[in-house]
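J.: Encoded as structure tokens, here's the structure I'll be asking about.
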Amino acid sequence: MEHEDDAGRQHEAVLPSSSVSAGRALSISSPVLILGGPSPAASELSQRLRGLDVKVLQASSGEAARQSLRADVPEIFVVDVRSSRRVAELDAILLELRASGEQTAALLWFDAEVELAEVLDVVHPLDDHMTGVITVEESLRRLHLMTARLPARAEGERLVVGDLELDTTARTVRRGERDIDLSDTEFRLLRLLMRHARTVLPKAEILQQVWAYEFAGQANIVELYISYVRKKIEAGMPRMIHTVRGAGYVLRPAETEPAVEQPAPSSSPH
């Protein structure tokens, strides 16, 4: 198994050569919120996006979508409005999604027999839509074009937990005064743990978010990379990544070692 991977950045996802025009890199805004009932297209798109280092937020209900909006600020949404996949109260949820940021865009998936009036009623100027058979390659191309129409984000993501700092734009990690060099997979793993600091993340969720099912059923890959990251960020320093037996892993600010009380000197005999 290779330890090092190709370089990647949060807000620019380079697609495989079959999906890239000569000399042009495609980018997709991160994170992307996918709203709708379970479907093969949504599962495959989630896997492809995660493989491109795009954070994916999945919601199969309005409440799950609202929770995602509270935790992140996605600009791009994929909304499945097909009759067999659409969530309840979709119109109201769409309004909330659009109001969550200054500029947002949605890729909407419609049934093949959708009426033009419904498309015109739902699709906004920055949006895009597909009807009938949904292909992931075409969805990725449209997400790239939608990203290009949105204003560029002024700055990337900077995460700070205790004395540990991660910057997605510069792709740097520091702990105290020490620079830490991470492989791409290690960087994605640490970023996930820091985004959800103080929250226990199950192995299955870590596997899904970092490896996009590439090693499905192989939770030992999580243990292996947790050990890699621990060695690098905790070398000679207090522990930050903790194992919660039977539950998963959690990253917390390092605890200051309590001062050890020295016993009072015994009185000298007179």
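Going by full-length UniProt numbering, the first residue of the sequence shown is number 1, and it counts up by one from there. We put the CB at the ideal spot given by N, CA and C, even for glycine.
Tell me which residues share the same chain as G23 and place their Cβ nearer than 8 Å to its Cβ, disregarding the 5 neighbours each side in the sequence.
T.: Low confidence applies to G23: its pLDDT is 41, below 50, so where it sits in the model is not reliable enough to give any reading.
J.: Measuring alpha carbon to alpha carbon, tell me which of A64, A88, L192, F77 ends up nearest S139.
T.: It is F77 whose Cα lies nearest to the Cα of S139.
J.: Work out the CA separation of K55 and V244 for me, nearest whole Å.
T.: Each residue's Cα considered, the two are about 24 Å apart.
J.: Quick check on G248: buried or exposed, where buried means 16 or more other Cβ atoms within 10 Å of its Cβ?
T.: Classification of G248: buried, given that the 10 Å Cβ count is 16 or more.
J.: Report buried or exposed for M237, applying the criterion of at least 16 other Cβ atoms within 10 angstroms of its Cβ.
T.: Burial call: exposed.
J.: Who are the Cβ neighbours of L126 in its own chain at under 6 Å, not counting the five residues just before and after it?
T.: So the qualifying residues of the chain are A105, R149.
J.: Nearest-angstrom Cα distance between H196 and D72?
T.: Rounded to the nearest angstrom, the two C-alpha atoms are 11 Å apart.
J.: What would DSSP say about Q58, mapped onto helix, strand or coil?
T.: Residue state, collapsed to three classes: strand.
J.: Using the beta-carbon count (16 or more within 10 Å), is D80 buried or exposed?
T.: Buried: at least 16 other Cβ atoms inside 10 Å.
J.: Comparing alpha-carbon positions, which option in A41, T199, D167 lies nearest R252?
T.: Among A41, T199, D167, the Cα nearest to that of R252 is on T199.
J.: Where DSSP assigns a beta bridge to E165, which residues make up the other side?
T.: E165 pairs with V160, R174.
J.: Could you name the residues of the same chain whose beta carbon sits closer than 6 Å to that of S68, not counting the 5 residues immediately before and after it, in chain order?
T.: The residues are L33, L57, A59.
J.: Assess, as a yes-or-no matter, whether the region 79-99 is touched by the region 228-242 under the definition of 3 or more beta carbon pairs within less than 8 Å.
T.: Flag = no, the region 228-242 and the region 79-99 do not touch.
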